[in-house]
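Engineer:
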Amino acid sequence: MDFLYTILVALLVVVIFALISYFRVKKAVTTLNQEQFIEGYRKAQLIDVREPKDFAAGHILGARNIPQTQLRQRYKEIRADKPVYLYDQNGARSGRAALFLKKKGYSQLFQLQGGFKQWTGKIKSKS
Numbered sequence: 024m025d026f027l028y029t030i031l032v033a034l035l036v037v038v039i040f041a042l043i044s045y046f047r048v049k050k051a052v053t054t055l056n057q058e059q060f061i062e063g064y065r066k067a068q069l070i071d072v073r074e075p076k077d078f079a080a081g082h083i084l085g086a087r088n089i090p091q092t093q094l095r096q097r098y099k100e101i102r103a104d105k106p107v108y109l110y111d112q113n114g115a116r117s118g119r120a121a122l123f124l125k126k127k128g129y130s131q132l133f134q135l136q137g138g139f140k141q142w143t144g145k146i147k148s149k150s
């Protein structure tokens, strides 16, 4: 019976952590569908937070690659006074990147709903 309570408590902790994370990201970044993203990203800084090999395989036309793993060292390459449009493969990393940038004083943060995986607009790729 104690084992069951332990599993229940662990599950509850995981659910609470997930909810807190979800609401923190929701507060830090505005999620845009593809049409909304297209409307604004040309007047903003478009940042692909995926790893370089994924970026090289294909990315949204006009995007700069600043991988989420390098963001702590490179965030100053992004201007805080202009909107920042973020995307990754499916939407998880861009949320974490937005949380980090929010802590550093960035306020105009947007992410692509569904990430690059859902993107049907113009892309640049090797082939």
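Residue numbers (the working numbering): 24 to 150. Beta carbons: idealized from backbone N, C-alpha and C, even for Gly.
Taking only the alpha-carbon atoms, compute the straight-line gap between L35 and Y28 and give it to the nearest angstrom.
Structural biologist: Residue numbering aside, residue 35 sits at position 12 when the sequence shown is read from its first letter. Residue numbering aside, residue 28 sits at position 5 when the sequence shown is read from its first letter. In a straight line, the C-alpha of L35 is about 10 Å away from that of Y28.
Engineer: Would DSSP call L84 helix, strand or coil?
Structural biologist: Counting from 1 along the sequence shown, the entry for residue 84 is found at position 61. Coil.
Engineer: In chain order, what are the residue ranges of uninterrupted alpha helix (DSSP H) at least 4 long that sit wholly in the region 113–142?
Structural biologist: Listed in chain order, the complete alpha helix (DSSP H) runs (minimum 4 residues) inside the region 113–142 are 115–126.
Engineer: Quick one: what's got a C-beta closer than 7 Å to L84's C-beta in the same chain, skipping five residues either side?
Structural biologist: To locate residue 84, count along the sequence shown from 1; it is residue 61. These residues qualify, in order along the chain: K145, I146 and K147.
Engineer: Less than 8 Å separating the beta-carbons of D71 and R87?
Structural biologist: The residue given as residue 71 occupies position 48 in the sequence shown. The residue given as residue 87 occupies position 64 in the sequence shown. Yes; because the gap between Cβ atoms is below 8 Å, this pair is in contact.
Engineer: Assuming the contact rule is C-beta atoms closer than 8 Å, R73 and D111 should be a hit. Round their C-beta distance to whole Å, please.
Structural biologist: Counting from one through the sequence shown, the residue named residue 73 turns up at place 50. Counting from one through the sequence shown, the residue named residue 111 turns up at place 88. That pair is a contact at about 5 Å.
Engineer: Since I believe L109 is in contact with A121 (beta carbons under 8 Å), could you give me their beta-carbon distance rounded to a whole number of angstroms?
Structural biologist: If you number the sequence shown from 1, residue 121 lands on position 98. If you number the sequence shown from 1, residue 109 lands on position 86. Right, their Cβ atoms sit about 6 Å apart.
Engineer: Taking all protein chains shown into account, decide if I43 is buried (16 or more other Cβ within 10 angstroms of its Cβ) or exposed.
Structural biologist: Against the sequence shown, residue 43 aligns to sequence position 20. By the 10 Å Cβ count, I43 comes out exposed.
Engineer: Kindly indicate which three-state DSSP category I89 falls into: helix, strand or coil?
Structural biologist: In the sequence shown, residue 89 corresponds to position 66, counting from 1. Of the three classes helix, strand and coil, the one that applies to I89 here is coil, per DSSP.
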